[in-house]
Amino acid sequence: MTKDNPYYECGEGWHPIIDKAVAKIRKYHPDVEFLQIKEKFGGLRIYTSYTSPAIEAIIELADEFCEETCEQCGKPGNLRMNGKRSWVKTMCAECAGDEWVDYSFPEPGGQKGESGGS
Ligand SMILES: [Zn+2]
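Residue numbers (my numbering): 1 to 118.
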């Protein structure tokens with residue numbers, strides 16, 4: 001991942017949303033570096049070399065868009081969980097198939113730390 005061409009660690013459905021967020025952030029802060037852009041718990045995470053209220057607002061908005069956009073194809077989607085792997089992703093019904101079931105996050109505040117990884 002480089003400053004000029006950040007790598008998106010997520011499905012292509014979110015790339016247009018991230019493109020916009022990255023462009024907006026660069027408009028306010030041309031010197032900011034994108035350390036990591038990835039999907040986590042069905043939401044979008046953008047890590048920058050420094051932050052500001054503008055950056056935080058843009059990232060929050062992009063995350064909100066991603067949470068209702070299929071990560072695979074960009075159609076409207078919602079959070080789904082894969083029972084076998086305990087993964088959460090945002091997908092549309094078409095991409096989800098039978099393996100992924102509707103899933104709603106617990107209320108904010110009850111969020112646990114990242115479990116395990118792998
Ligand atoms: Zn889809």
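Here a beta-carbon is modelled for each residue, glycine too, at the ideal position from N, C-alpha and C.
**Report entry** Residue range of the beta strand (DSSP E) that includes V88
**Finding:** Along the sequence shown, one-based indexing puts residue 88 at 88. Where V88 is concerned, the enclosing beta strand (DSSP E) stretches over 87-91.
Requested in this report: Would you kindly work out how many angstroms separate the C-alpha atoms of S52 and G77, rounded to a whole number?
Outcome: Translated into the one-based positions of the sequence shown, residue 52 becomes position 52. Translated into the one-based positions of the sequence shown, residue 77 becomes position 77. So the alpha carbons of these two residues sit roughly 30 Å apart.
Query raised in the report: What beta strand (DSSP E) runs, 3 residues minimum, are completely inside the segment 5-53?
Result: 34-40, 43-48
**Report entry** Residue(s) in a DSSP beta bridge with D102
**Finding:** Taking the sequence shown and counting its residues from 1, one reaches residue 102 at position 102. Beta-bridge pairing links D102 to R80.
Query raised in the report: If we count the other Cβ atoms within 10 Å of its Cβ and call it buried at 16 or more, is L35 buried or exposed?
Result: In the sequence shown, counting from the first residue as 1, residue 35 sits at position 35. Exposed, because fewer than 16 other Cβ atoms sit within 10 Å of the Cβ of L35.
Report task. Out of K40, Q72, T48, L61, state which residue places its alpha-carbon closest to the alpha-carbon of H15. Result -> By one-based count along the sequence shown, residue 15 stands at place 15. Cα-wise, what sits closest to H15 is Q72.
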